[in-house]
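These notes are about the structure you will find just below.
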Amino acid sequence: MGYYEAYKAVFDAVRNVLSGISSINQVNVGEQLRVRSLPLAVVNPEETEITQVDIGGTLKNKINFTVIIVVRETEPKDWFTEVVSLMGEVVDAFLADRTLNETVKDVTPTLFAPGEIRFTNKLYYGGAVRFSALTFYTP
37 MGYYEAYKAV FDAVRNVLSG ISSINQVNVG EQLRVRSLPL AVVNPEETEI
87 TQVDIGGTLK NKINFTVIIV VRETEPKDWF TEVVSLMGEV VDAFLADRTL
137 NETVKDVTPT LFAPGEIRFT NKLYYGGAVR FSALTFYTP
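For the sequence shown, this note's numbering gives the first residue as 37, with consecutive numbering after it.
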């Protein structure tokens, strides 16, 4: 398996986790964004830190990504029941299987930030949950 396939497998596993959350109606991982149905989860790949493991060809990869949860177009009356609860479901889904079905060694949440979200000059309400996934790759 080449690096692209190993890297993409992580995001395929992320899509599977998010697709299993019944409260989320749409999951976007790398596709052109078209808001069809809320709540929506948008996965943004971020920097990957790569370091060599001891001596040899194995590389340690810390793959970072953020899941943007778009919940609603109007300001929530209660952030905790309408926004934070769904963000918590996302964290719980990843923590239920921290290997993402044995695709990574471990995945951990590193940021939990409810707030406003702007897409295509439109304001939405939801939040961001950032994760870091640990993998090892040997060419």
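We put the CB at the ideal spot given by N, CA and C, even for glycine. Quantities reported herein were computed from a predicted structural model and do not represent experimental measurements.
Collapsed DSSP secondary structure at residue i in the structure displayed
| i | result |
| --- | --- |
| Glu109 | coil |
| Asp48 | helix |
| Thr146 | strand |
| Thr117 | helix |
| Leu54 | helix |
| Glu67 | coil |
| Glu41 | helix |
| Ile219 | Residue 219 lies beyond the stretch modelled for the chain, which goes from 37 to 175, so this question has no answer here. |
Residue j beta carbon less than 9 Å from that of residue i
| i | j | result |
| --- | --- | --- |
| Lys158 | Glu109 | yes |
| Leu170 | Val53 | no |
| Thr139 | Ser168 | no |
| Tyr32 | Thr102 | The question about residue 32 has no answer here: the residues shown for the chain are numbered 37 through 175. |
| Gly66 | Ile105 | no |
| Pro150 | Gly93 | no |
| Val71 | Phe172 | no |
Buried/exposed call for residue i, threshold 16 Cβ in 10 Å
| i | result |
| --- | --- |
| Asn61 | exposed |
| Tyr39 | exposed |
| Gly124 | exposed |
| Ile99 | buried |
| Leu147 | exposed |
| Val89 | exposed |
| Ala49 | buried |
Residue i: first and last residue of the uninterrupted alpha helix (DSSP H) it sits in
| i | result |
| --- | --- |
| Ser121 | 121 to 132 |
Residue span of the beta strand (DSSP E) that contains residue i, given as start and end
| i | result |
| --- | --- |
| Lys158 | 158 to 173 |
| Asp90 | It is not in any beta strand (DSSP E) - Asp90 carries neither H nor E in the DSSP assignment. |
Any non-hydrogen atom of the ligand FMN closer than 8 Å to residue i Cβ
| i | result |
| --- | --- |
| Tyr39 | What this structure holds is no ligand at all, so the ligand FMN is not there to describe. |
Taking three-plus beta-carbon pairs below 8 Å as touching, is the segment 128 to 146 in contact with the segment 78 to 85? no
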